[in-house]
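Visitor: This is the structure I want to talk about, given as structure tokens.
There are 2 protein chains.
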Amino acid sequence: MEDEVDRLVAAWRAERPDLDVQPLHVLSRISRLARHLDRARRAVFAAHDLEPWEFDVLTALRRAGRPYQLSPGRLLRATLVTSGTMTNRIDRLEAAGLVRRLPDPTDKRGVLVRLTDKGRTRVDAAFADLLAREHDILAGLSPAERDTLAGLLRTLLAPFDL
Amino acid sequence: MEDEVDRLVAAWRAERPDLDVQPLHVLSRISRLARHLDRARRAVFAAHDLEPWEFDVLTALRRAGRPYQLSPGRLLRATLVTSGTMTNRIDRLEAAGLVRRLPDPTDKRGVLVRLTDKGRTRVDAAFADLLAREHDILAGLSPAERDTLAGLLRTLLAPFDL
DNA sequence: GCCAGTTCTCTCGACATCAAGACATATCAT
DNA sequence: ATGATATGTCTTGATGTCGAGAGAACTGGC
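Here the protein sequences line up with chains A and B, keeping their order.
Per the working numbering: the first sequence = residues 1 to 162.
Per the working numbering: the second sequence = residues 1 to 162.
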């Protein structure tokens, strides 16, 4: 069975027979899968009235454990956005009642962003649904295949995590 | 050896011991890898004075084969952007001298976007460099492992391509 | 103590994208 | 022919992000 990537590779081979386009078989599929995952995530979050960026911030706080609070600085490093973006995001999450801004008692420049009860409830429900959906996406693979896949991906990822 | 994703999974297990977070081992690694690939691509393109979006449009034209031309409509479907975005992109590529807009002789509404010689040279060089970089990224895997990985990814991707 | 350099959050302006719609041309059934 | 619908491209307005920098507070060496 031929898939989209096979057709892509075939088109390149026809146009650039001088090049080794093998890498596309792995890497183009990874990029495509990531796009599909983003779409699937977006659909799950929409059912909980959350945008992907809201989920990203809320899960960072949720993973921190009680009392579910982090500084804006730690949040922006956790979510890989700039400080201007994070200020905007916290503003909107605060307006939605999902987080609160508190003064940092140990640093007068600082602020702590804390998950509200409403925020915790919301993100917990969305995360459970997300995992259910991700489970479905992996349904085509046996447990052994999933382990193999995870291992190969880990090898590929290792050089970047340095 | 523990990687970032292992730590992420451990954090979730501590906070949500009720959930099966196994899917993250595969799917979170795919998303992370895609982000790293985007960064690597961006770096390669920068050496050729190209933005990722420019590369996307130019490669769509390049893959079409001689005379390297497509309508804006086909381009936007190939690159998954909206028509407003594509108009803007073609405007800028035309200003940069990498493509030209020609009237479509068979449809008076239509336009054909054609790669200039300068555009073809540029995208060919960038693509060769990209493949070299992607080859490096896969260096940690044996040829057999790459095949296994490509096969597993294809299985995961199949349900989306319907 | 004090000053230089660092860290923290927020503000501002520029920009690429999207969604919706405008406008012209094609296509098809009647 | 004619009208209705579809198609193709471009325009417009809103939005979220980034990059640069401002202002306040912390830190360490002297």
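No residue lacks a Cβ here, since even glycine has one placed at the ideal position from N, Cα and C.
Are the Cβ atoms of H25(A) and V44(A) separated by less than 8 Å?
Guide: Your numbering for residue 25(A) matches position 25 in the first sequence. Your numbering for residue 44(A) matches position 44 in the first sequence. Contact: no.
Visitor: Could you tell me which of V81(B), P105(B), R62(B) and R7(B) sits nearest to R122(B), measuring between CA atoms?
Guide: Working through the second sequence from its first residue, we reach residue 122(B) at position 122. Minimum Cα distance to R122(B) is reached at R62(B).
Visitor: Do you know offhand how far E94(A)'s Cα is from A144(B)'s?
Guide: Indexing the first sequence from 1 puts residue 94(A) at position 94. Indexing the second sequence from 1 puts residue 144(B) at position 144. Taking the straight line from one Cα to the other gives about 51 Å.
Visitor: Among I137(B), P105(B), R89(B) and G151(B), which one has its Cα closest to the Cα of R39(B)?
Guide: Position 39 of the second sequence, counted from the start, is the residue given in the question as residue 39(B). The candidate whose alpha carbon is nearest that of R39(B) is I137(B).
Visitor: What does DSSP give as the partner residues of L24(A) in its beta bridges?
Guide: Indexing the first sequence from 1 puts residue 24(A) at position 24. Note: L24(A) sits in no beta bridge, so no partner.
Visitor: How many Å lie between S142(A) and Q22(A) at the Cα?
Guide: Looking up residue 142(A) in the first sequence gives position 142. Looking up residue 22(A) in the first sequence gives position 22. Spanning the two alpha carbons is a distance of roughly 26 Å.
Visitor: Going along chain A, which residues have a C-beta under 8 Å from E54(B)?
Guide: Along the second sequence, read from residue 1 onward, the residue named residue 54(B) stands at position 54. Under the 8 Å cutoff, chain A gives no residues; its nearest Cβ is about 17 Å from E54(B).
Visitor: Assess, as a yes-or-no matter, whether the segment 103-120 of chain B is touched by the segment 106-122 of chain A under the definition of 3 or more beta carbon pairs within less than 8 Å.
Guide: Because the criterion of three Cβ pairs below 8 Å is not met, the segment 106-122 of chain A and the segment 103-120 of chain B do not touch.
Visitor: What residue ranges within the segment 76-141 of chain B form continuous beta strand (DSSP E) runs of no fewer than 3 residues, ordered along the chain?
Guide: Within the segment 76-141 of chain B, the complete beta strand (DSSP E) runs of at least 3 residues are 99-103 and 111-115.
Visitor: Note down, in chain order, all residues in the segment 17-47 of chain B with a beta-carbon under 7 Å from any beta-carbon belonging to chain A.
Guide: Listed by position along the chain: L19, D20, V21, P23, H25, V26, L27, R29, I30, S31, R32, L33, A34, H36 and L37.
Visitor: Please confirm if the segment 73-85 of chain B is in contact with the segment 42-60 of chain B, defined as three or more CB-CB distances below 8 Å between the two stretches.
Guide: Yes, the segment 73-85 of chain B touches the segment 42-60 of chain B.
Visitor: Using the three-state DSSP reduction, which class does L70(B) fall into: helix, strand or coil?
Guide: Against the second sequence, residue 70(B) aligns to sequence position 70. If DSSP states are grouped into helix, strand and coil, L70(B) belongs with the strands.
Visitor: Quick one: which chain B residues come within Cβ less than 9 Å of T148(A)?
Guide: Here residue 148(A) refers to the residue found at position 148 when the first sequence is read from its first residue. Simply T148, L149 and L152.
Visitor: Could you tell me whether any Cβ in chain A is nearer than 8 Å to the Cβ of E51(B)?
Guide: Working through the second sequence from its first residue, we reach residue 51(B) at position 51. Chain A contact via Cβ: absent.
Visitor: Any C-beta of chain A sitting closer than 8 Å to the C-beta of P67(B)?
Guide: If you number the second sequence from 1, residue 67(B) lands on position 67. No, because no Cβ of chain A sits closer than 8 Å to the Cβ of P67(B).
Visitor: If we count the other Cβ atoms within 10 Å of its Cβ and call it buried at 16 or more, is E51(A) buried or exposed?
Guide: Indexing the first sequence from 1 puts residue 51(A) at position 51. Per the 10 Å Cβ criterion, exposed.
Visitor: Taking Cβ positions, are L37(B) and L149(A) nearer each other than 8 Å?
Guide: Position 37 of the second sequence, counted from the start, is the residue given in the question as residue 37(B). Position 149 of the first sequence, counted from the start, is the residue given in the question as residue 149(A). Result no, Cβ atoms of L37(B) and L149(A) do not sit closer than 8 Å.
Visitor: Taking the CB atoms as reference points, tell me whether L134(A) and L70(B) lie closer together than 8 Å.
Guide: What you label residue 134(A) is simply residue 134 of the first sequence in a count that begins at 1. What you label residue 70(B) is simply residue 70 of the second sequence in a count that begins at 1. The residue you asked about is not Leu; residue 134(A) is Glu in the sequence shown. It is not a contact, given that the beta carbons lie outside the stated cut-off.
Visitor: What do you get for E54(A), buried or exposed, if any count of 16 or more other CB atoms within 10 angstroms of its CB means buried?
Guide: Against the first sequence, residue 54(A) aligns to sequence position 54. Counting Cβ neighbours within 10 Å, E54(A) comes out buried, since at least 16 surround it.
Visitor: Please compile the residues from chain B whose C-beta is within a distance smaller than 7 Å of the C-beta of D129(A).
Guide: To locate residue 129(A), count along the first sequence from 1; it is residue 129. Simply none; closest approach about 11 Å.
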